[in-house]
Amino acid sequence: MTETPPRRVPAPGPLMTAGDDEPDGPPAGRGRATPPRGTKGLLGWAPTVSMTALTATVAALYGVSVPDMVLFGLYVVLCVGLPGVLLLRLLYRGRRTLAEEVALGLALGYAVEVFAYVGARALGVPLLVLAWPAGTCLLFLAVPRLRRHWTVAPARRERAPAWWSWFLALPAAYLLAWSAVAFFRLNALSWPALGRSFPDMPFHLALVGELRHHLPPTVPMVAGEPLSYHWFVYAHLAAASWVTGVEPLVLLFRLGMFPVLAAFVVLAGMTGRRITGSWAGAALTTAGTVLVATPSLYLGGNGAFTWGGVPDLMWASPTQTFGALMFAPVVLFLLDLLERRRRPAGHWALLGVFLVAVAGAKATYVPLLGAGLLAVAAAGAVRRRRPSGPVLAALGMTAACFLFAQFVLFDGARQALVVDPFSFMETVWREMTGAGDGTDPPPLSILGMVAVFLLCWAVTWGGISGLLSRPRLLARPGVALTLGIGAAGVGAALLLGHPGRSQLFFLWGAYPYLAAVTALGIVTLARRARQSRRATLCAAGTGLAAAYLIPLLCGVRIPLRPGTDDTVLYLPYVVLLVAILAAAAVLAVTSGRLRAWSLVVTALAVVGLPAVVHARALWVVDGVVSSVVGGGAATGGGLPPVAAPPPPEGALDAGRWLRAHSAPGDLVATNAHCRWGREEPCDGRHFWVAALSERRVLVEGWTYTSRNTARWRPELPALELPFWDARLLALNDAVFEAPTGEAVRELRERHGVRWLVADEHRGGPVPGLGAFATLRFRSGDYAVYRLPGEPA
């Protein structure tokens, strides 16, 4: 079959959607030439092959077997990527590179897989999820009109510059390296090291087990509690486990997020290129997405500024990572639909699929999108006195998905999110000063921390000011959309409160789109100022020097030593502000206001966009200097860390034995409720029994249930709220402390408990329990008992 020859189209300018017949942005100028031809043949695949080999090597070093890697790789390619790419080619008419097509297809494959698995699990045949990739491939082979989609039309293929694939490999390699250093090394696959994992990891693992066996899902750690939480990523991991046979533990801790992250990096670059119309802007967006953080000018431990964003959340918060991938196509398709004159039905269909997917993947993204679309509607009303039809249609779809998620998936739960202005700034002040949780910062200190954060964000996103050099860009739908998303993220971080700082997920979710519009402002301003490469390099070097010299010269180490006045917290940022104003004044006199503006923005971008790298490099430099000058590593002036107690022996063996010898519907009771070493007062984040056994537990850990979070208020300790049903907890624990026939019978007959898992690491074996239950398995500090008879 002869393909239609490609039409000659103009080079994309800012906000021109690839595939449009006419440019939306200004005429192409210097730096906007048609992208050069990419490499051909095997050489063009070298970055992909290199990253695949590197990923496999890292996975093998941290305990993943070769068969698991091969099975998972085949699953991603054949069961997710291939059918997703075929559907994408059918529905999406936009031009894209091969990498972009694969990334979009993979995201689409994930979304459809979740829907397919929900149906298959509801029917009780989880492997029926394979019907969707098999059926899709067979359909595209059998129907003559669909066969052409096995190859892409030349008119829809774009070529990237030769350097682009290698550039994309850099952030991917950085994320891989950081995964190894900050996550794999600290989150093992074997016990007892597994028991020292990040506290939320057993929670995620328990939810994967729940989705493997039950639909609709409930909270497996407290039987009968509704799961008012975004759970689509757990459905994906459950489907992957059924199809490949790979342990959910291995998928969650090692393999599952690799393809998600790779696709997200590509789509971040695609978003940047759509917004800026240049490959340089795409590179800046990608780097900013991966490396951005609130820029810290302090020494010592400083998680309040540098924690968050893609590197820190990619494994610890799989919902955020999966939601980021589901949300990226939503923005891309909206850019198409809002900027194009022709709006194919397939694009609306894809937008609908991803809107539903993101609503169940991460709840924070839908309000961000709503804010962005409201900004587009407002800009349209200013330009044309009324919003456009596509904007209203997209708003309607977003509102419907929000209502569906809030009242169907999440049952109206607020998940402890409250209106509490500047609560995060108060928390940061307590951490930096070393004050206790009960200490209220003075009002001036709160305002000071607010000013610090606003200055930090102004530094990071200062490139947005470059749009003022061409004010009409602000009214364009793509710019209004990304600015609205970013403003909503910053506003949520300032105005909302949450005991686990989850209000920051709004800000972190907006990072890629703030990075894209920042890149547009920087590129636009540099072109308007006719900024030379030499001037750009000098400005970048100045920003790089400032990022390291200011912290080292000011020497403010976090947390502050006892008795230190908290006003020193503002010293580095006062120095930074003075340096900005002085540099701007000098450059305005010597080079003109426009060029001064451009050079200052470039320097600030070097300080803020790769802030994660600066913070970690400063930590190393400070440690080396302190070791040489002071004879020891910097301690930050705080108290020495308290060593966590070792996890009890035998938990993994007991959980795996119970999983193998019980039915998925069997209910378990346990005396393990509190994190080890956090029993007085009880930190109710103990989830290991449900996580390792994949069974529902009558009462284990209750901290993250919607009923518990609904009770939280800012003055209460969120992690230490007692269980709400004191009678049930007392009955449950009595069986493990002083068992009686009546208590055991009530557990069995009234509550349906079938198994007991006794954690004996504190009190030893339960005396007398063998008279009422049969000991079936013992390993280390854990014993598994079976109750007689059939539960009611």
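Using the numbering used here, the first residue of the sequence shown is number 11, and each one after it goes up by one. All C-beta atoms in this analysis are idealised placements derived from N, C-alpha and C, irrespective of residue type, glycine included. Everything numeric in this text was worked out from a predicted model, so none of it was measured.
Where residue i sits in the DSSP three-state scheme
{"i": "Y375", "result": "helix"}
{"i": "Y72", "result": "coil"}
{"i": "I285", "result": "helix"}
{"i": "T546", "result": "helix"}
{"i": "T552", "result": "helix"}
{"i": "F787", "result": "strand"}
{"i": "G780", "result": "helix"}
{"i": "L309", "result": "strand"}
{"i": "A682", "result": "coil"}
{"i": "T228", "result": "strand"}
{"i": "L570", "result": "coil"}
{"i": "L445", "result": "Just to set this straight, residue 445 is Ala in the shown sequence, not Leu. It is coil, neither helix nor strand."}
{"i": "L677", "result": "strand"}
{"i": "R440", "result": "helix"}
{"i": "R706", "result": "strand"}
{"i": "R167", "result": "strand"}
{"i": "V276", "result": "helix"}
{"i": "V162", "result": "coil"}
{"i": "V634", "result": "helix"}
{"i": "V623", "result": "helix"}
{"i": "V401", "result": "helix"}
{"i": "V366", "result": "helix"}
{"i": "V584", "result": "helix"}
{"i": "G35", "result": "Since pLDDT at G35 reaches only 39, below the 50 mark, its modelled position is unreliable, and the value read off the structure follows with that caveat. In this structure, G35 counts as coil in the three-state DSSP scheme."}
{"i": "V884", "result": "As displayed, the chain neither begins before 11 nor continues past 802, which places residue 884 out of reach and without an answer."}
{"i": "V428", "result": "strand"}
{"i": "A539", "result": "coil"}
{"i": "W174", "result": "helix"}
{"i": "Q513", "result": "coil"}
{"i": "L559", "result": "helix"}
{"i": "D576", "result": "helix"}
Start-to-end residues for the alpha helix (DSSP H) that takes in residue i
{"i": "Y714", "result": "Unbroken run through Y714: none, as it is neither H nor E."}
{"i": "V500", "result": "P487 to L505"}
{"i": "H671", "result": "A661 to H671"}
{"i": "D743", "result": "A736 to E747"}
{"i": "L342", "result": "P328 to E349"}
{"i": "V153", "result": "Premise fails: V153 is in no alpha helix (DSSP H) and is neither H nor E."}
{"i": "I456", "result": "P453 to T470"}
{"i": "P93", "result": "L92 to L101"}
{"i": "D322", "result": "V320 to L323"}
Whole-Å CB distance - residue i paired with residue j, under 8 Å assumed
{"i": "V699", "j": "T680", "result": "5 Å"}
{"i": "N742", "j": "L779", "result": "Rounded, the Cβ-Cβ distance is 13 Å, inconsistent with contact."}
{"i": "T296", "j": "A278", "result": "5 Å"}
{"i": "P281", "j": "G519", "result": "First, the amino acid is wrong: residue 281 is Thr here, not Pro. Not a contact, Cβ separation roughly 13 Å."}
{"i": "E659", "j": "H683", "result": "The Cβ separation is near 19 Å, so there is no contact."}
{"i": "A423", "j": "S238", "result": "4 Å"}
{"i": "M324", "j": "S475", "result": "Contact flag wrong, Cβ pair sits at about 30 Å."}
{"i": "R786", "j": "R796", "result": "5 Å"}
{"i": "L335", "j": "A117", "result": "5 Å"}
Residue range of the unbroken beta strand (DSSP E) whose run includes residue i
{"i": "D769", "result": "V763 to D769"}
{"i": "F263", "result": "Segment: none, F263 is in no beta strand (DSSP E) and carries neither H nor E."}
{"i": "V124", "result": "No beta strand (DSSP E) contains V124, which is instead part of the alpha helix (DSSP H) from L108 to A132."}
{"i": "V794", "result": "Y792 to R796"}
Best match in the options for proximity to residue i [C-alpha to C-alpha]
{"i": "L140", "options": "V260, A152, Y120 and A555", "result": "Y120"}
{"i": "G266", "options": "V386, T437, A664 and A250", "result": "A250"}
{"i": "G565", "options": "V631, T281, P749 and S703", "result": "V631"}
{"i": "G382", "options": "A367, R396, R99 and L345", "result": "L345"}
{"i": "R688", "options": "A661, A556, E704 and A654", "result": "A654"}
{"i": "T329", "options": "F434, P209, H240 and V162", "result": "H240"}
{"i": "A592", "options": "T577, A539 and L609", "result": "L609"}
{"i": "V80", "options": "G762, A682 and L261", "result": "L261"}
{"i": "V68", "options": "Y127, G145, L307 and V191", "result": "V191"}
{"i": "L493", "options": "A594, A615 and G380", "result": "G380"}
{"i": "S601", "options": "R666, A545 and P569", "result": "A545"}
{"i": "V429", "options": "G145, R511, A461 and C548", "result": "R511"}
{"i": "A529", "options": "L307, R695, I285 and G406", "result": "I285"}
{"i": "Y127", "options": "H223, W667 and R195", "result": "H223"}
{"i": "P798", "options": "F268, M407, R567 and G762", "result": "G762"}
Which ranges would you report for the alpha helix (DSSP H) in the region 187 to 263 if only whole runs of at least 4 residues count? Counting whole runs of 4 or more residues, the region 187 to 263 contains the alpha helix (DSSP H) stretches 211 to 223 and 242 to 254.
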